[in-house]
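K.L.:
For the sequence shown, my numbering begins at 2 and goes up steadily by one.
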Amino acid sequence: MKHFFNRKETIVTEALDGFLATAGSGTLARLDGYPEIKVVLRADWDKTKVSIVSGGGAGHEPSHAGFVGAGMLTAAVSGEIFASPSVEAVLAAIRATTGPAGCLLIVKNYTGDRLNFGLAAEKARAEGFAVEMAIVADDIALPDIAQPRGVAGTLFVHKIAGHLSESGHDLATITAAARAAAKDIVSLGISLSSCSIPGQAHEDRFGADDGELGLGIHGEPGVERIALQSAGRLVAIMAERLAARLDVGSHYALLINNLGSVPPLEMSLIANAVLSSPLAKAVTLTVGPGHLMTALNMNGFSLSLIKLDAEREAALLAPVGPNAWLPAKPVRRPVVVAAAKPAIRGAAKAASRDAGAERLITAVCEKLISLEEALNGLDAKAGDGDTGSTVATGARGVLDRLNTLPLADRAATLAAIGDTLGTSMGGSSGVLLSIFFTAAAQAFDGGVSLSKALLAGLDRMTFYGGAKVGDRTMVDALEPALKALDASGLEAAAQAARHGAETTTAMQKAKAGRSAYIGRQLDTADPGAFAVAEVFAAVAAMFAPA
Numbered sequence: 002m003k004h005f006f007n008r009k010e011t012i013v014t015e016a017l018d019g020f021l022a023t024a025g026s027g028t029l030a031r032l033d034g035y036p037e038i039k040v041v042l043r044a045d046w047d048k049t050k051v052s053i054v055s056g057g058g059a060g061h062e063p064s065h066a067g068f069v070g071a072g073m074l075t076a077a078v079s080g081e082i083f084a085s086p087s088v089e090a091v092l093a094a095i096r097a098t099t100g101p102a103g104c105l106l107i108v109k110n111y112t113g114d115r116l117n118f119g120l121a122a123e124k125a126r127a128e129g130f131a132v133e134m135a136i137v138a139d140d141i142a143l144p145d146i147a148q149p150r151g152v153a154g155t156l157f158v159h160k161i162a163g164h165l166s167e168s169g170h171d172l173a174t175i176t177a178a179a180r181a182a183a184k185d186i187v188s189l190g191i192s193l194s195s196c197s198i199p200g201q202a203h204e205d206r207f208g209a210d211d212g213e214l215g216l217g218i219h220g221e222p223g224v225e226r227i228a229l230q231s232a233g234r235l236v237a238i239m240a241e242r243l244a245a246r247l248d249v250g251s252h253y254a255l256l257i258n259n260l261g262s263v264p265p266l267e268m269s270l271i272a273n274a275v276l277s278s279p280l281a282k283a284v285t286l287t288v289g290p291g292h293l294m295t296a297l298n299m300n301g302f303s304l305s306l307i308k309l310d311a312e313r314e315a316a317l318l319a320p321v322g323p324n325a326w327l328p329a330k331p332v333r334r335p336v337v338v339a340a341a342k343p344a345i346r347g348a349a350k351a352a353s354r355d356a357g358a359e360r361l362i363t364a365v366c367e368k369l370i371s372l373e374e375a376l377n378g379l380d381a382k383a384g385d386g387d388t389g390s391t392v393a394t395g396a397r398g399v400l401d402r403l404n405t406l407p408l409a410d411r412a413a414t415l416a417a418i419g420d421t422l423g424t425s426m427g428g429s430s431g432v433l434l435s436i437f438f439t440a441a442a443q444a445f446d447g448g449v450s451l452s453k454a455l456l457a458g459l460d461r462m463t464f465y466g467g468a469k470v471g472d473r474t475m476v477d478a479l480e481p482a483l484k485a486l487d488a489s490g491l492e493a494a495a496q497a498a499r500h501g502a503e504t505t506t507a508m509q510k511a512k513a514g515r516s517a518y519i520g521r522q523l524d525t526a527d528p529g530a531f532a533v534a535e536v537f538a539a540v541a542a543m544f545a546p547a
């Protein structure tokens with residue numbers, strides 16, 4: 002996989018310097034001793050308070066440096082990617098931040114972290130520092146394992162301990178609270194891909210139709226291969242396993258963590274799935290969804306829960322300095338506000354029948370639906386190949402509502418078609434055609450002929466859309482067709498539409514519409530202009546003399 006980096010040996014130090022340069026705060030600094038000593042710490046730290054130090058391998062950003070600041074960590078110690086920091090680096094952080102009040106180390110339950118932070122603590126105690134350690138082992142992926150991993154639930158402990166430190170509590174109180182909190186946290190992760198490390202060869206162990214449940218945060222395999230299925234079903238599997246570890250009747254805070262590359266759209270969908278599951282009955286606070294403790298570019302997420310009491314809830318809700326922390330929020334179901342009724346004169350027109358109008362509308366819509374594949378093919382040369390599908394969707398929307406249209410009232414029918422296309426068709430084409438029919442309806446209601454009303458609709462559509470003849474859009478066929486219709490009739494309109502569509506094939510470059518983003522000449526007709534020509538040809542054939 003591709004990555005942005007200079008040299009793999011300097012990735013972490015360059016990233017930390019970039020973080021500090023853009024943090025926007027004069028309260029953060031780093032210790033000297035790069036590259037061996039990689040410590041970000043508070044430059045404004047008051048050593049009369051208990052220092053809260055954590056860290057681990059890089060690759061989990063914004064953890065851990067992103068959580069250094071008022072109300073959270075005093076210092077974060079970083080190793081190389083997915084590698085525990087050295088004993089000397091941890092010891093340097095303790096020395097730099099610890100005064101008479103002492104220091105609490107918050108450590109994730111990985112062997113390297115336990116050993117390096119543990120030895121640093123022993124050395125610091127030998128130097129006269131009061132140092133305690135809280136180990137977080139929140140991962141429930143392997144329920145019977147003696148030493149579960151520490152994963153994203155560790156951030157709850159950062160927040161609680163940081164709040165108590167900021168409030169002036171002593172080391173014994175903070176340590177007891179941190180250890181108790183760690184015991185009341187459960188986490189579980191899932192991913193659809195493994196992560197890749199910059200500068201190292203990557204081979205994805207995942208198949209096209211599976212993922213892994215129970216992954217750690219260092220790219221290690223999950224405990225279980227799981228078939229790719231709907232997000233709701235995947236969340237339900239996770240929620241069931243997490244719920245089995247919760248105390249009945251207790252309230253919990255939920256942390257929804259992006260492990261790296263899940264798009265925000267999907268993370269919000271995941272949040273909705275979690276809060277629609279039975280697990281939600283126990284959840285009163287949420288943190289996220291967002292990037293909190295990542296695994297580089299892993300396409301996965303994790304869920305962490307901590308049992309709440311009054312003190313923990315207050316700690317989680319307290320404001321902090323680090324921008325990377327996402328404030329805890331009470332769970333709120335979506336508030337639905339009634340939509341305002343359209344401010345139009347008179348009542349909506351009732352459905353009415355007119356055989357001629359119904360035959361015409363049906364023929365036009367069926368023609369457009371039949372063109373779906375052809376239009377998608379034309380659009381694929383300039384865009385994402387969906388013009389035919391978009392047009393067909395609009396046509397089907399009109400057909401579905403045909404029995405509700407006021408067909409005996411031409412102006413009202415034009416307006417109703419405009420409303421339908423504006424809601425069912427989607428994309429810019431739907432909006433443009435909605436403008437076209439809406440403006441034409443207003444003009445026709447004012448007493449002009451149908452052809453002149455359609456020209457009025459074209460005028461408004463081109464005013465808002467910005468396209469004109471020569472820009473390689475549907476206007477190249479629609480404008481000459483409507484002018485010919487007004488001057489000479491339907492057969493002339495069909496010929497003008499066909500000629501207009503053909504001219505788009507030879508145009509050097511599009512100046513409007515999606516094709517304008519293609520900086521080269523296209524050798525096919527514009528799909529919109531082609532559709533207009535086909536519609537006029539079909540209508541002309543309907544009314545041609547027998």
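For every residue, glycine included, the Cβ atom is placed at its ideal position computed from N, Cα and C.
Buried or exposed: which applies to A245, given that a residue is buried once 16 or more other Cβ atoms fall within 10 Å of its Cβ?
P.N.:
By the neighbour-count rule (16 or more Cβ atoms within 10 Å), A245 is not buried but exposed.
K.L.:
Going by beta-carbon coordinates alone, are S59 and G80 separated by less than 9 angstroms?
P.N.:
Contrary to the premise, residue 59 reads as Ala rather than Ser in this sequence. Cβ distance < 9 angstroms, so A59 and G80 count as in contact.
K.L.:
Do you know offhand how far I136's Cα is from H159's?
P.N.:
11 angstroms
K.L.:
Roughly how many angstroms separate the alpha carbons of Q5 and G301, rounded to a whole number?
P.N.:
The sequence as given places Phe at residue 5; Gln does not occur at that position. Computed Cα separation, rounded: 21 angstroms.
K.L.:
In the DSSP output, what is R43 paired with across the bridge?
P.N.:
DSSP lists L29 as partners of R43.
K.L.:
Looking only at DSSP bridge pairs, what is L106 linked to?
P.N.:
V54 and M134
K.L.:
By DSSP's criteria, L459 is part of a beta bridge. Which residues make up the other side?
P.N.:
L459 pairs with nothing; no bridge assigned.
K.L.:
Where do the ends of the alpha helix (DSSP H) carrying L255 lie?
P.N.:
Run containing L255: none in the alpha helix (DSSP H); it sits in the beta strand (DSSP E), Y253 to N259.
K.L.:
Determine the contact status of L297 and I362, defining contact as a CB-CB distance below 9 angstroms.
P.N.:
no
K.L.:
Can you list, in chain order, the stretches of the beta strand (DSSP E) that have 3 or more residues and sit fully within the region 223 to 311?
P.N.:
Within the region 223 to 311, the runs of beta strand (DSSP E) that reach at least 3 residues and sit entirely inside it are, in chain order, 225 to 228, 253 to 259, 284 to 292 and 301 to 308.
K.L.:
Using a Cβ-Cβ cutoff of less than 8 angstroms, which residues in the same chain neighbour S166 once the five nearest sequence positions on both sides are dropped?
P.N.:
K50, V51, S52, I53, T75, L105 and I175
K.L.:
Restricting to runs no shorter than 4 residues, where is the alpha helix (DSSP H) found entirely within the region 520 to 545?
P.N.:
528 to 544
K.L.:
Look at the alpha carbon of A454 and the alpha carbon of A493, and state the distance between them as a whole number of angstroms.
P.N.:
Looking at the two C-alpha atoms, the distance is approximately 18 angstroms.
K.L.:
Can you give me the Cβ contacts of G154 inside the same chain, cut-off strictly under 6 angstroms, excluding the 5 residues immediately before and after it?
P.N.:
D139, I186, S188 and S305
K.L.:
In this structure, how does DSSP classify S452 when only helix, strand and coil are distinguished?
P.N.:
helix
K.L.:
Just confirm the distance between the C-beta atoms of G322 and G70, as a whole number of angstroms; I'd bet it's less than 8 angstroms.
P.N.:
3 angstroms
K.L.:
On the DSSP bridge list, what partners appear for E213?
P.N.:
S192 and R226
K.L.:
At 4 residues or longer, and completely inside the region 325 to 394: list those alpha helix (DSSP H) runs for me, N to C.
P.N.:
356 to 371 and 373 to 381
K.L.:
When you compare each of A530, A495, E503 and R499 to F544 by their alpha carbons, which one comes out closest?
P.N.:
Proximity to F544 across A530, A495, E503 and R499 peaks at A495, based on C-alpha coordinates.
K.L.:
Return the chain-ordered list of same chain residues with a C-beta closer than 7 angstroms to the C-beta of L408, the five sequence neighbours on each side being excluded.
P.N.:
S353, R354, D355, A358, E359 and T414
K.L.:
Comparing alpha-carbon positions, which option in S231, G212 and L229 lies nearest G223?
P.N.:
G212
K.L.:
Just to confirm before moving on: does the CB-CB distance between F531 and A478 stay below 9 angstroms?
P.N.:
Taking 9 angstroms as the Cβ cut-off, F531 and A478 qualify as a contacting pair.
K.L.:
Helix, strand or coil: which one does DSSP assign to L143?
P.N.:
coil
K.L.:
Mind checking who I218 pairs with in its DSSP beta bridge?
P.N.:
Bridge partners of I218: none, in fact.
K.L.:
With DSSP collapsed to three states, give me the class of L406.
P.N.:
coil
K.L.:
Return the chain-ordered list of same chain residues with a C-beta closer than 7 angstroms to the C-beta of V476, the five sequence neighbours on each side being excluded.
P.N.:
T463, A468, K469 and V470
K.L.:
Check the C-beta distance from I257 over to T287 and give it rounded, since I have them as a contact under 8 angstroms.
P.N.:
7 angstroms
K.L.:
Taking the alpha-carbon of G389 as reference, which of P101, R242 and G431 has the nearest alpha-carbon?
P.N.:
G431
K.L.:
In whole angstroms, what separates the C-alpha of D145 from that of L156?
P.N.:
Straight through space, the alpha carbons of L156 and D145 are spaced by roughly 23 angstroms.
K.L.:
By alpha-carbon positions, which one of A283, A240, M299 and L255 ends up nearest to V263?
P.N.:
M299
K.L.:
Are there 16 or more other CB atoms within 10 angstroms of the CB of I519, so buried, or fewer, so exposed?
P.N.:
Legend: pLDDT at I519 = 38, less than 50; position of this residue unreliable, value from coordinates given subsequently. So I519 ends up on the exposed side.
K.L.:
Thinking C-alpha only, which one of I271, L255, T295 and A316 is nearest I307?
P.N.:
L255
K.L.:
Would you mind reading off the limits of the beta strand (DSSP E) that contains E81?
P.N.:
A76 to I82
K.L.:
When the Cα atoms are used, what is the spatial distance from A178 to D171?
P.N.:
11 angstroms
K.L.:
Whose C-alpha, out of S429, A441, S277 and A281, is nearest the C-alpha of T474?
P.N.:
S429
K.L.:
Can the beta-carbon of T295 be found less than 9 angstroms from the beta-carbon of P63?
P.N.:
Against a cut-off of 9 angstroms, the Cβ pair of P63 and T295 comes out as a contact.
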